[in-house]
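Protein chains in written order, with the working numbering: chain A, 300 to 470; chain B, 19 to 351.
Each residue gets a CB set at the ideal place from its N, CA and C atoms; glycine is no exception.
One structure is given here, and the rest of the page talks about it.
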Amino acid sequence: MGAMTAVTLNVNGERFSRELDNRTTLLDLLREHAHLSGVKKGCDHGQCGACTVLLDGRRVNSCLLLAVAMDGTEITTIEGLSDGTTLHPLQRAFVDHDAFQCGFCTPGQICSAVGAIAEARAGWPSAVTAHDAPPGPVELTVPEVRERMSGNLCRCGAYVNIVSAVREVAR
Amino acid sequence: MKEFRYERPTDADSAVALLTDAPGAAYLGGGTNLVDLMKLGVAAPDLLVDVSRLPFEEVEETDGGGLRVGAAVRNSTLAARRMVRERYPIVSEALLSGASAQLRNAATVGGNLLQRTRCLYFQDVGKPCNKRRPGSGCPAREGVHRDLAILGASEHCVATHPSDLAVALAALDAMVHLVSAAGPRSLPLTELHRLPGDEPHRDTVLRHGELITAVELPPPVPEARSAYRKARDRASYAFALASVAAVLQVRGGMVHHVRIAFGALAARPWRARTAEEALLGQPATEEAFGEAVDRELAAARPLRDNGYKVPLARRLAVSVLTDLAAPDAGGQR
Ligand SMILES: Cc1cc2nc3c(=O)[nH]c(=O)nc-3n(C[C@H](O)[C@H](O)[C@H](O)COP(=O)(O)OP(=O)(O)OC[C@H]3O[C@@H](n4cnc5c(N)ncnc54)[C@H](O)[C@@H]3O)c2cc1C
Ligand code: SF4
Ligand code: FES
Ligand code: FES
Chain A
300 MGAMTAVTLN VNGERFSREL DNRTTLLDLL REHAHLSGVK KGCDHGQCGA
350 CTVLLDGRRV NSCLLLAVAM DGTEITTIEG LSDGTTLHPL QRAFVDHDAF
400 QCGFCTPGQI CSAVGAIAEA RAGWPSAVTA HDAPPGPVEL TVPEVRERMS
450 GNLCRCGAYV NIVSAVREVA R
Chain B
19 MKEFRYERPT DADSAVALLT DAPGAAYLGG GTNLVDLMKL GVAAPDLLVD
69 VSRLPFEEVE ETDGGGLRVG AAVRNSTLAA RRMVRERYPI VSEALLSGAS
119 AQLRNAATVG GNLLQRTRCL YFQDVGKPCN KRRPGSGCPA REGVHRDLAI
169 LGASEHCVAT HPSDLAVALA ALDAMVHLVS AAGPRSLPLT ELHRLPGDEP
219 HRDTVLRHGE LITAVELPPP VPEARSAYRK ARDRASYAFA LASVAAVLQV
269 RGGMVHHVRI AFGALAARPW RARTAEEALL GQPATEEAFG EAVDRELAAA
319 RPLRDNGYKV PLARRLAVSV LTDLAAPDAG GQR
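This is how it looks when you write it as structure tokens:
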């Protein structure tokens with residue numbers, strides 16, 4: 300039975316190739332096989348956002364994606380955002396704004412924010428964007444950030460500071 | 019999770035052929051529902067045929083001035099398309115009101131329409147459930163059913179269909195294009211999902227192996243205005259308790275064209291045809307909207323804990339229609 304499949308993808312700029320059990324999720328590939336433990340397993344059911352990574356530049360929940368289906372894609376995790384020891388602007392902003400307590404949700408929040416800022420720059424609307432908004436980048440107001448980041452839960456309730464951190468980088 | 023084989027064919031015919039001969043096989047879209055159900059043991063396919071990279075990724079205008087949306091288009095991509103936002107704003111609104119940005123980036127149009135109910139018992143293999151295990155019973159009737167159906171349910175199942183997109187498509191008279199070993203066919207979206215009757219395990223009229231290739235929207239009704247409104251337990255990232263999609267065209271103060279579809283009230287998007295018929299040619303007033311919606315909801319058979327859905331759905335529909343009828347009100351479009 301072909302319950303294993305060879306998968307090759309690019310993780311944080313490096314080629315990653317492995318024969319994997321088809322049941323492996325992208326989240327488990329990253330944590331257990333690529334040893335990138337920044338990405339977190341919260342609910343494992345798409346309900347919390349702790350496992351958020353960028354798939355070909357778009358934010359997704361890695362817990363609901365099968366690794367075999369990711370063949371040939373580019374994945375960026377929290378480990379891939381910093382430039383050596385220089386933090387990514389969002390990482391810097393999360394520190395500056397005290398946007399976390401326990402930190403469990405933080406890698407997912409930051410990857411999600413990278414995606415959210417890119418989506419707004421590309422002019423993608425959210426549920427709170429005005430219907431007659433002109434084409435072009437969407438300004439990340441407080442309601443916009445709250446709505447766009449709603450897929451990332453924070454049990455410590457650091458939301459207010461997360462919103463400030465994201466807005467600072469979006470400006 | 020049970021072991022399964024994985025295939026990623028490059029064309030629809032190969033995908034259909036793979037499923038046709040394999041009763042235990044399933045198509046895989048973005049996986050945001052199916053993989054979840056596989057983890058829960060609710061779904062246990064022995065073969066996954068990945069259709070998320072089939073060449074159904076176009077959103078294109080049809081010759082007749084409508085819009086054809088490939089089944090593999092991601093929910094977020096569709097919601098962001100200018101053409102969709104300008105000509106079919108309720109499609110964009112419905113999509114953006116659902117799930118989270120991460121989920122919408124992965125979810126496909128085909129998978130969204132075929133997602134399964136969120137009934138708690140359906141998702142818990144330790145419990146009986148007629149939809150999951152035919153004949154085992156429906157604990158939701160006497161148990162937890164606050165989110166479940168008030169329309170079109172049966173003694174065998176009171177589940178609701180959770181898709182927001184499907185509700186907007188029902189109000190727009192969308193068609194669903196399919197292909198199977200027997201060849202292609204098309205169905206109105208409103209005929210895709212079934213009411214439970216005594217076969218609640220069958221969510222849709224699709225045959226095994228039938229593949230959704232596209233959804234087609236007819237040209238927008240000239241001068242009509244439309245809106246999607248959703249009530250839920252929190253402001254974002256939650257399924258609907260009730261939702262409504264409405265399209266309204268008023269001429270000389272009278273209702274000239276109207277489409278109303280409710281979400282989260284039944285096992286399929288609920289086209290309010292009784293209300294639509296009652297409104298045609300009537301004055302576009304709050305009073306007339308209320309009377310028409312009452313006629314529609316007279317068919318409601320709430321359970322112990324979901325009676326709140328009747329007034330909730332009424333208020334949603336009447337407020338949306340009233341806003342759409344007021345030329346200067348918010349949401350002019
Ligand atoms: C936490 C959470 C919150 C959510 N909230 C909402 C919400 O508020 N509103 C809402 O509408 N949805 C919501 N969703 C559901 C989400 O929208 C669906 O999971 C998603 O749209 C399914 O699309 P998919 O491509 O991932 O489907 P998959 O999971 O890949 O597939 C779903 C089903 O469709 C079948 N299938 C897929 N593609 C095809 C095809 N082309 N032809 C035939 N069969 C096919 C599969 O075999 C499977 O049975 C939520 C999900 C989660 C996890
Ligand atoms: S309502 Fe339907 S899905 Fe829920 S327990 Fe009853 S039979 Fe199962
Ligand atoms: S772990 Fe993936 S969303 Fe919670
Ligand atoms: S900082 Fe603890 S969960 Fe967000």
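{"Check": "Cβ contact check for the segment 120-135 of chain B and the segment 91-100 of chain B: 3 or more pairs under 8 Å", "Outcome": "yes"}
{"Check": "Arg454 (chain A) Cβ short of 6 Å to ligand 4 heavy atom set", "Outcome": "yes"}
{"Check": "Spatially closest choice to Ser204 (chain B) from B:Ala258, B:Val185, B:Leu229, B:Cys156, by CA coordinates", "Outcome": "B:Leu229"}
{"Check": "Near ligand 3: Ala349 (chain A) beta-carbon under 6 Å from a heavy atom", "Outcome": "yes"}
{"Check": "Among B:Ala282, B:Ala171, B:Ala186, the one whose alpha carbon lies nearest that of Ala317 (chain B)", "Outcome": "B:Ala171"}
{"Check": "In DSSP terms, what Ala353 (chain B) is bridged to", "Outcome": "What is shown of chain B runs 19 to 351, which leaves residue 353 (chain B) out entirely."}
{"Check": "Distance cut-off 6 Å: Ala61 (chain B) Cβ against heavy atoms of ligand 2", "Outcome": "no"}
{"Check": "Residue from B:His179, B:Leu131, B:Leu169 with nearest C-alpha to Lys149 (chain B)", "Outcome": "B:His179"}
{"Check": "Buried versus exposed call for Pro218 (chain B) [16 or more other C-beta atoms within 10 Å across all chains shown]", "Outcome": "buried"}
{"Check": "Check: Cys410 (chain A) C-beta below 6 Å from any heavy atom of ligand 4", "Outcome": "no"}
{"Check": "Alpha carbon of Gln400 (chain A) to alpha carbon of Glu378 (chain A), nearest angstrom", "Outcome": "19 Å"}
{"Check": "Any C-beta of chain B under 7 Å from that of His344 (chain A)", "Outcome": "yes"}
{"Check": "Same chain only: Cβ atoms within 8 Å of Glu21 (chain B), ignoring 5 sequence neighbours per side", "Outcome": "Asp64"}
{"Check": "CA-to-CA distance, Glu331 (chain A) to Ile409 (chain A), given in whole angstroms", "Outcome": "21 Å"}
{"Check": "Among B:Arg252, B:Gly299, B:Arg332, the one whose alpha carbon lies nearest that of Glu309 (chain B)", "Outcome": "B:Arg332"}
{"Check": "Proximity test, Leu36 (chain B) beta-carbon vs ligand 6 heavy atom, cut-off 6 Å", "Outcome": "This structure lacks ligand 6; its bound ligands are ligand 1, ligand 2, ligand 3 and ligand 4."}
{"Check": "Beta-carbon gap between Arg433 (chain A) and Gly422 (chain A) smaller than 7 Å", "Outcome": "Reading off the sequence, residue 433 (chain A) comes out as Pro, not Arg. No, the pair does not count as a contact, with Cβ atoms beyond the cut-off."}
{"Check": "Same chain, Cβ closer than 7 Å to Ser381 (chain A), five either side skipped, listed in chain order", "Outcome": "His387, Gln390"}
{"Check": "Minimum Cβ-Cβ distance from Leu121 (chain B) to chain A less than 7 Å", "Outcome": "yes"}
{"Check": "Test item: CB-CB of Pro238 (chain B) and Arg99 (chain B) under 7 Å", "Outcome": "no"}
{"Check": "Exposed unless 16 or more other CB atoms sit within 10 angstroms - verdict on Ala304 (chain A)", "Outcome": "For clarity, residue 304 (chain A) is Thr in the given sequence; the question names Ala instead. Buried: at least 16 other Cβ atoms inside 10 Å."}
{"Check": "Beta-carbon gap between Leu266 (chain B) and Arg247 (chain B) smaller than 7 Å", "Outcome": "no"}
{"Check": "Short-range partners of chain B found in the segment 349-368 of chain A, where Cβ spacing is below 8 Å", "Outcome": "Thr351, Leu354, Arg357, Arg358, Val359, Asn360, Leu363, Leu364, Leu365, Val367, Ala368"}
{"Check": "Cβ distance (whole Å) where Cys453 (chain A) is taken to contact Cys404 (chain A) below 8 Å", "Outcome": "5 Å"}
{"Check": "Residue-chain proximity (Met19 (chain B), chain A), Cβ-Cβ < 7 Å", "Outcome": "yes"}
{"Check": "7 Å Cβ cutoff met for Ile374 (chain A) and Val306 (chain A)", "Outcome": "no"}
{"Check": "Beta carbon proximity, Gly435 (chain A) to chain B, threshold 7 Å", "Outcome": "no"}
{"Check": "Val53 (chain B): contacting residues in chain A (beta-carbon distance under 8 Å)", "Outcome": "Thr324, Leu363, Leu364, Leu365"}
{"Check": "Candidates B:Val67, B:Ser70, B:Leu72, B:Val102, of which the one nearest Glu79 (chain B) by Cα", "Outcome": "B:Val102"}
{"Check": "Neighbour flag for Arg317 (chain A) against chain B, beta carbons, 7 Å", "Outcome": "no"}
{"Check": "Inter-residue Cα distance where the pair is Arg322 (chain B) and Leu166 (chain B)", "Outcome": "11 Å"}
{"Check": "Ranges of the beta strand (DSSP E) found wholly within the segment 350-433 of chain A, counting only runs of at least 3", "Outcome": "351-354, 357-360, 373-375"}
{"Check": "Listed by chain order, chain B residues near Gly312 (chain A) by CB distance under 7 Å", "Outcome": "Near Gly312 (chain A) there are no residues of chain B at all, since even the closest Cβ is about 21 Å away, more than 7 Å."}
{"Check": "Touch test, the segment 444-453 of chain A against the segment 150-164 of chain B, Cβ-Cβ under 8 Å, three pairs minimum", "Outcome": "no"}
{"Check": "From A:Asp355, A:Ser316, A:Ala415, residue whose alpha carbon lies closest to that of Ala333 (chain A)", "Outcome": "A:Ser316"}
{"Check": "When A:Asp431, A:His396, A:Glu438, A:Gly407 are compared against Val462 (chain A), the one with the closest alpha-carbon", "Outcome": "A:His396"}
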